[in-house]
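Protein chains in written order, with this note's numbering: chain G, 1 to 404; chain H, 405 to 842.
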Amino acid sequence: MEFRPILSALMRNKAGALLIALQIAITLAVVTNALYILKQRQTHINRPTGIEATADAFVIYTRVFRNDINIEQLVDDDLLKIRALADLQAVTPIQSVPVSGGGWGEDFYLSQDQSSDQSVGFGNFMVNQDGVEALGLDLIEGRNFSTEEITFRSPVETVYPRIVLISKPLANALFPDGDALGQLVYDELNSPHPTRIIGIYENMPNAWPNATMFENSALMPQISASNDVRYWIRAKPGRRDQLMTEVEQLLGLDRNRIILGNRTFEEVKARTYRNDIAMVKLLSGVVALLTMVTAMGIIGLAWFSVTQRRKQIGTRRALGAHKMDILRYFMIENWLITSAGLAIGIVLTLALNYFLDTNFQTGRLVWYYIPVGMLFLWLLGQLAVLAPARKAANTDPALATRSV
Amino acid sequence: MFTYYVRLGIKSMHRNPILSALMVVALALGIGACMTTLTVYYLMSGNPVPHKSDQLYAVQLDGWDPNAQPTQGPQDVQPQLTYMDAQNLMSAQTPALQQAAMFRSSLVVQPEDDDAVPFQNSVRATYHTFFDMFDVPFIYGNAWTQGEDQQGARIVVLGKALNEQLFGGENSVGRDIRLSDQLYRVIGVIDEWQPTPRFYDVVTSSFADVASLFIPFKTAVDLELNPNGNVNCWKPLDDSTNAAFLRSECVWVQFWAELSTPTAADAYFDYLNNYSREQQGFGRFQRPINNFISPVMEWMDVNQVVSTDNRVLVRLSFLFLAVCVLNTVGLLLAKFMGKAPEVALRRSMGATRQAIFTQNLFEVATIGVLGGVFGIALAWLGLRLVENIYRGYQHLVAMDWMILLISMLIAVVASIIAGLYPVWRTTRIPPAQYLKIQ
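The structure is reproduced here in structure tokens:
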């Protein structure tokens with residue numbers, strides 16, 4: 001109804017309107033693409049780990065630096081002392097930590113006469129009989145290790161133990177028919193050492209979040225007899241921080257080793273995903289600042305045009321226009337400019353996405369990001385123009401009579 | 405005349421302080437964001453050894469699993485060598501001026517003072533040639549000798565910071581130091597040295613600190629130090645011994661050669677191919693021969709040292725700057741249109757278009773300079789933020805003169821783009837129309 005006068009007024013100041021429209025267009029392109037990348041990262045970071053103990057677990061990394069230390073004795077002593085602590089739920093030695101970024105990758109072979117590219121890779125985690133409880137894994141088939149089955153493994157030992165627990169995804173990769181339990185797997189081609197799968201747990205990722213086989217993991221009933229002595233410790237609910245201090249003090253008494261780190265599992269994850277978390281933060285910053293600058297631009301220009309047109313507004317008011325009419329005028333004007341900008345913006349968004357995807361493999365934008373982004377910018381425009389429009393609406397009609 | 409324009413400009417900005425502040429803030433934000441991402445990009449893609457980068461070559465030999473994917477280019481070949489190949493090349497007479505094999509490990513430093521707590525430190529095990537090839541500056545002493553390489557002597561070269569910490573920064577050459585329960589004699593102390601990227605080992609982190617301990621390769625191997633990095637194996641070991649690990653097909657050694665001329669590079673490349681053929685004769689290297697030698701900057705490309713995230717952020721931040729500039733153009737345009745009656749009056753009193761242009765340009769320039777200065781301040785803050793939220797970026801957030809120069813250039817270009825059209829528009833104002841309603 002009021003489009004024509006608004007449009008013709010806009011045409012008198014084409015440059016200003018065009019500039020706002022272009023800003024809106026680029027803003028749409030950047031905001032939708034940034035949000036899309038951001039969402040992908042968040043999904044990547046928050047993949048389920050299957051480790052029930054997430055909030056109560058921590059890892060203490062120590063290194064023995066004297067040569068004449070019997071590691072087996074030292075680990076046995078450590079375990080006795082740690083188990084005596086009241087806040088403890090369960091403790092296991094562990095040579096590599098899930099999601100930590102560093103670990104042991106190994107392969108299982110299905111039979112003794114396969115070519116090597118048909119093996120299945122997985123992350124190997126050496127734990128004792130309390131590993132399943134300490135990690136909080138859901139053992140869905142078979143049984144856990146027993147105390148007598150735990151052995152020490154020398155750092156250069158390559159032969160796998162006789163029994164193993166594996167994750168459900170690894171079981172499915174090895175035996176797609178779902179009959180992995182009780183089957184034999186091998187550590188190499190023509191190996192004389194079969195390993196039996198005695199249990200399957202629901203899920204526990206390995207150490208490498210960017211690997212395609214992130215879900216493939218196995219627990220081996222072993223304790224690494226190397227100088228790097230590490231424990232995965234699960235505290236009673238809510239007692240983690242106290243227990244961390246207690247264990248650190250306890251192991252810190254030993255003058256033959258140093259404590260390299262004492263990290264909650266949440267910290268381990270945050271370290272691994274640090275770059276992704278940083279990207280999420282920086283992209284959020286870009287989106288927030290860009291939104292702010294665009295809003296500032298809209299407010300600034302609208303404010304200015306209101307000041308410029310005070311006399312005309314006063315005249316309209318004197319001629320009988322309601323406050324509501326003036327308010328609506330500026331809202332509609334902004335809506336028209338924003339819509340024009342968004343129309344250009346859709347093209348820009350797709351172009352930017354194409355460019356980013358072909359050059360940096362950021363992935364193809366999911367379509368609904370565009371309408372959501374448009375809705376957001378429409379709202380932003382209307383909100384930004386609200387204050388200047390209200391100022392316009394409050395213009396005194398008497399202004400029209402002055403100084404003409 | 406100039407001071408008059410200055411006063412006019414300041415007065416004009418005073419008249420709409422909020423609008424002027426908005427413009428400065430918008431420009432500063434855009435410049436700050438661009439400079440933050442650009443600084444990181446500039447340092448990530450920098451040349452770590454400018455005067456020698458075309459003479460130092462990373463060496464790759466393709467002795468991988470015959471059943472694995474075929475090789476297209478250097479990015480498909482393992483970036484490290486087996487211990488065996490590294491040994492063979494180090495001990496051979498090759499066309500290279502010098503070569504260095506190396507790997508990263510860690511040792512526990514035990515200070516003499518019994519109260520001091522021992523701490524772990526990263527160590528680079530390499531050959532004496534490392535220091536000369538990479539032009540490592542020494543404060544005290546020297547690199548070790550070829551003889552000490554061959555005998556696997558217990559000697560160590562210290563980094564400057566560690567020497568400060570252990571010996572108060574004095575000349576520690578000849579002193580002993582205990583590392584993981586072994587005594588080593590200090591043979592040299594190097595000065596501040598942090599090539600960025602840390603080009604000779606990009607397998608783990610390309611921007612990490614240089615190790616503060618250097619020991620002979622053979623010493624590390626004799627003591628069975630674990631490589632701290634990637635160990636990749638395609639073939640099972642013969643048995644569970646360290647000797648089997650050393651003669652395995654596992655790759656874990658970085659290898660560099662100094663080839664001073666293109667002719668030398670060709671000759672060395674031929675040498676490697678002959679070596680591969682020879683190894684094929686022994687039943688190793690069962691793939692087609694696919695060896696590569698890459699000079700430093702090519703090697704940085706092959707290993708994608710500049711992170712994709714950073715490249716994306718640079719693009720987005722420039723679009724952000726574009727929005728900020730558009731914003732400023734719009735605001736300036738509005739503001740100068742508001743000055744139309746004043747301009748009309750000046751014109752009718754005889755001011756030329758040229759004079760109007762210069763007058764208003766001053767105001768635009770002030771906004772540009774302020775935007776630039778605040779932008780650099782924001783970039784500094786942005787870099788502190790980047791340093792904080794990333795790990796191992798401490799060498800990627802330093803502003804040098806080059807960066808400041810680029811910042812100022814971007815600020816000037818941005819404000820000229822932002823200001824020219826609005827200023828030009830003011831000179832086109834028809835005086836009569838505005839004078840009528842005055």
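Each residue gets a CB set at the ideal place from its N, CA and C atoms; glycine is no exception. Small disclaimer: the values here were computed from a predicted structure and weren't measured.
The C-alpha of Arg419(H) lies about 21 Å from the C-alpha of Ala387(G).
By the criterion of a C-beta distance shorter than 6 Å, Glu568(H) is surrounded by no residue of its chain, once the five residues flanking it on both sides are discounted. Taking a beta-carbon distance threshold of 8 Å, Ala278(G) counts as an interface residue toward chain H.
Residue pairing by DSSP places Asp254(G) in no beta bridge whatsoever. Any Cβ of chain H closer than 8 Å to the Cβ of Ser154(G) would place that residue at the interface, and such an atom is present.
With a contact defined as Cβ atoms closer than 8 Å, Pro483(H) and Val590(H) miss out at about 32 Å. In its chain, beyond the 5 residues on either side, His532 have a beta carbon closer than 7 Å to the beta carbon of Thr549(H).
In this structure the stretch 712-719 of chain H touches the stretch 435-454 of chain H; the number of beta carbon pairs closer than 8 Å is three or more. Contact between Phe355(G) and Leu219(G) is ruled out by a C-beta separation of about 45 Å, above the 8 Å threshold. Excluding its 5 nearest sequence neighbours in each direction, Gln40(G) has C-beta neighbours in its own chain below 7 Å: Gly363, listed in chain order. In the DSSP assignment, Ala462(H) falls within the beta strand (DSSP E) that extends over 460-464.
For the stretch 785-798 of chain H, the residues whose beta carbon sits under 7 Å from a beta carbon of chain G are, in order, Ile793, Tyr794, Arg795.
CA-to-CA, the gap between Pro599(H) and Leu460(H) works out to about 14 Å. When beta bridges are read from the DSSP output, Arg240(G) appears opposite no residue.
For Met296(G), the chain H residues whose Cβ falls inside 8 Å of its Cβ are Leu426, Val429, Ala430, Asn731, in order along the chain.
Taking all protein chains shown into account, Ala836(H) has fewer than 16 neighbouring C-beta atoms within 10 Å of its C-beta and is therefore exposed. Leu617(H) sits close to Leu562(H), with the two beta carbons spaced by under 8 Å. Boundaries of the beta strand (DSSP E) harbouring Gln89(G): 88-93, taken from the DSSP string.
The continuous alpha helix (DSSP H) containing Ser339(G) extends over residues 323-360. Contact annotation: Ile414(H) and Gly775(H) have beta-carbon atoms that are not nearer than 8 Å.
Boundaries of the beta strand (DSSP E) around Ala661(H): 655-662. By the neighbour-count criterion, in which a residue is buried when 16 or more other Cβ atoms sit within 10 angstroms of its Cβ, Asp489(H) is buried. In the DSSP assignment, Ser819(H) falls within the unbroken alpha helix (DSSP H) covering 805-831.
The straight-line gap separating the alpha-carbon atoms of Leu290(G) and Trp703(H) is approximately 37 Å. At a cut-off of 8 Å, the C-beta of Pro640(H) has a neighbouring C-beta in chain G. Contact annotation: Ala295(G) and Ala21(G) have beta-carbon atoms that are not nearer than 8 Å.
In the three-state reduction of the DSSP assignment, Gly450(H) falls in the coil class, being assigned neither a helical nor a strand state. Cβ neighbours of Val185(G) within its own chain (closer than 6 Å, five residues either side excluded): Phe108, Thr195. If one requires a minimum length of 3 residues, the beta strand (DSSP E) runs lying completely within the stretch 34-90 of chain G are 57-64, in chain order. Listed in chain order, the non-local C-beta contacts of Glu791(H) below 7 Å within the same chain comprise Tyr797, Gln798, Val801, local neighbours out to five positions each way being set aside. When rounded, the separation of the alpha-carbon atoms in Met753(H) and Val747(H) is 10 Å. A residue is called buried when at least 16 other Cβ atoms come within 10 angstroms of its Cβ; Arg143(G) does not meet this threshold and is exposed. Asn210(G) counts as exposed, since fewer than 16 other beta carbons sit within 10 angstroms of its beta carbon. Looking at Thr665(H), Ile619(H), Tyr679(H), Leu426(H), the one whose alpha-carbon comes closest to that of Ala529(H) is Ile619(H). Around Gln23(G), the beta-carbon contacts reaching into chain H at under 7 Å are Val727, Leu730, Asn731.
Annotation: Val293(G) to Ser509(H) spans about 49 Å, alpha carbon to alpha carbon.
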